[in-house]
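A.B. asks: The structure's right below; bear with me while I get my questions together.
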Amino acid sequence: MTDDENFPTAQMKILEAARKTVAELVLAMNYKAKGLSDQEQVEFDALFHNAIRMRKWVE
Numbered sequence: 196m197t198d199d200e201n202f203p204t205a206q207m208k209i210l211e212a213a214r215k216t217v218a219e220l221v222l223a224m225n226y227k228a229k230g231l232s233d234q235e236q237v238e239f240d241a242l243f244h245n246a247i248r249m250r251k252w253v254e
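This is the structure:
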């Protein structure tokens with residue numbers, strides 16, 4: 196039961212692993228990604244939400 200990826204502790208482990216991987220990539224590539232502007236974030240969220248609804252990937 197605790198191996199379920201929707202279980203909160205499993206989600207935290209996945210999140211920690213993702214953050215560790217991102218940190219390793221930042222160090223390896225010596226590059227820090229910049230965040231989106233507020234407008235770009237709103238547009239991305241809308242595209243992503245619609246892609247999930249339509250079950251296709253964002254282009």
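Okay, so the sequence shown: first residue is 196 according to the numbering used here, each after it adds one. For every residue, glycine included, the Cβ atom is placed at its ideal position computed from N, Cα and C.
1) Is it true that the CB of K229 sits closer than 8 Å to the CB of V221?
2) Would you grab the beta carbon distance between L231 and F243 for me? Rounded to a whole angstrom, and I think it's under 8 Å.
3) A228 lies in the alpha helix (DSSP H); which residues open and close that run?
4) How far does the alpha helix (DSSP H) with F272 in it reach, from first residue to last?
5) Go through its chain and collect everything with a Cβ distance to K208's Cβ below 6 Å, but skip five positions before and after it.
C.D. replies: Taking the geometry as given:
1) no
2) In fact, because the Cβ distance is near 12 Å, the residues do not count as touching under 8 Å.
3) Run containing A228: none; DSSP gives neither H nor E here.
4) No information on residue 272 is available, as it lies outside the stretch 196 to 254 that the chain covers here.
5) none
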